[in-house]
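Going by this note's numbering, the first residue of the sequence shown is number 1, and it counts up by one from there.
Working notes for the structure below.
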Amino acid sequence: MGFSIWFLQIAYAIYIMVRSAYLPPYDGQMIVDQRIGAWIALPAGILWLGRRHWLNVLKSVFQKAGTGEELRNKVAGTALLIGMAGMLFWLLWVRVPALWAIALVDLMFLFALGLTRIVAETGVPLMAPDTNYLTTLANLVPVAWRTAAGMYFSGVMGIVAGHLNRVCVTTVMCHALGLDKKAAPRRHVRLAGIFFGVLILSVLIGGGHPACADLPSYHLPGRRMVAGRLRRGRLLQGIRRAAPEGFRIGTRDRSELQPSSTQWIPILRAPATERYRAKPYPF
Numbered sequence: 001m002g003f004s005i006w007f008l009q010i011a012y013a014i015y016i017m018v019r020s021a022y023l024p025p026y027d028g029q030m031i032v033d034q035r036i037g038a039w040i041a042l043p044a045g046i047l048w049l050g051r052r053h054w055l056n057v058l059k060s061v062f063q064k065a066g067t068g069e070e071l072r073n074k075v076a077g078t079a080l081l082i083g084m085a086g087m088l089f090w091l092l093w094v095r096v097p098a099l100w101a102i103a104l105v106d107l108m109f110l111f112a113l114g115l116t117r118i119v120a121e122t123g124v125p126l127m128a129p130d131t132n133y134l135t136t137l138a139n140l141v142p143v144a145w146r147t148a149a150g151m152y153f154s155g156v157m158g159i160v161a162g163h164l165n166r167v168c169v170t171t172v173m174c175h176a177l178g179l180d181k182k183a184a185p186r187r188h189v190r191l192a193g194i195f196f197g198v199l200i201l202s203v204l205i206g207g208g209h210p211a212c213a214d215l216p217s218y219h220l221p222g223r224r225m226v227a228g229r230l231r232r233g234r235l236l237q238g239i240r241r242a243a244p245e246g247f248r249i250g251t252r253d254r255s256e257l258q259p260s261s262t263q264w265i266p267i268l269r270a271p272a273t274e275r276y277r278a279k280p281y282p283f
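This is the structure we're talking about:
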């Protein structure tokens, strides 16, 4: 099933008009618990229904590929394991508590799996987990896990697993590969390599920072807007004075990231806190 993107815009505008005129006031935060549960239950169901396929992919990682399908599974499984291991190592490196870092990686995998499945099958990137979901789940863990670094990077990971993943290259790649039902498995491997190169270029062009690739959606005017804010040092302003110290998500909106305390942004090893706070991050 497919329809024009222009029709989607008109239909959605009509829905907003009718909803604003006839429906009672509604706050999306009223059903946060249900939404979080759905974003965990949906990918869990995907994993359960496809458990045999996931097992075959895992076996292919440690076996020699004899067919094109086995090669495709081997490449996909290896990329997944390396990516998850890399995220875990990075979270540990930035001093996120070990158990919470493992939980973050697992939750990001679940959110990304559910979101990729929806976008890849429909081609309509209108749905995504909220950036606050990971920090909301932090209320269930011991207080010792909720360090300043742990909560800050829960916010960063919430952006990556939600709004960024909705329009990222890997999600679009899965959509593109699914459109060609007759393509040979080895062709999928070649296309995956090409898309991976595009992913690396998008990170470099986007400035290497999630803020440059979220709300602007990879458009140059939006990137200039965010980059201008970063150069002026707005990135390092306090998020909200009323926020509990050390327990605030590291985001103010989807166009810029702001630390909630004196934690640094460890894309590179940071200098002393006082020096970093006095000097904007060099974008």
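Ideal Cβ positions, reconstructed from N, Cα and C, are used throughout, including at glycine.
Reduced DSSP secondary structure (H/G/I, E/B, other) of residue i
i           : result
residue 16  : helix
residue 139 : helix
residue 84  : helix
residue 168 : coil
residue 153 : helix
Check whether residue i and residue j have beta carbons under 7 Å apart
i          : j           : result
residue 94 : residue 74  : no
residue 37 : residue 96  : no
residue 40 : residue 134 : no
residue 92 : residue 101 : yes
Residue i burial status per 10 Å Cβ neighbour count (16 or more: buried)
i           : result
residue 155 : buried
residue 57  : buried
residue 103 : buried
residue 126 : exposed
residue 7   : exposed
residue 105 : buried
residue 89  : exposed
residue 160 : buried
residue 138 : buried
Distance, residue j Cα to residue i Cα
i           : j           : result
residue 51  : residue 64  : 21 Å
residue 158 : residue 201 : 23 Å
residue 191 : residue 72  : 11 Å
residue 234 : residue 54  : Legend: pLDDT at residue 234 = 45, less than 50; position of this residue unreliable, no value from coordinates given.
residue 43  : residue 195 : 24 Å
residue 79  : residue 193 : 11 Å
| the region 34-49 contacting the region 164-176, beta-carbon criterion three pairs below 8 Å | As far as the Cβ criterion goes, the region 34-49 does not touch the region 164-176, which means the pair count is below three.
| query | Using 8 Å as the Cβ pair cut-off and three pairs as the minimum, do the region 66-82 and the region 184-204 touch? | reply | Yes, the region 66-82 touches the region 184-204.
| request: Could you tell me whether the region 75-82 touches the region 128-135, using the rule of 3 or more Cβ pairs below 8 Å? | output: Taking 8 Å as the limit for Cβ pairs, the verdict is that the region 128-135 does not touch the region 75-82.
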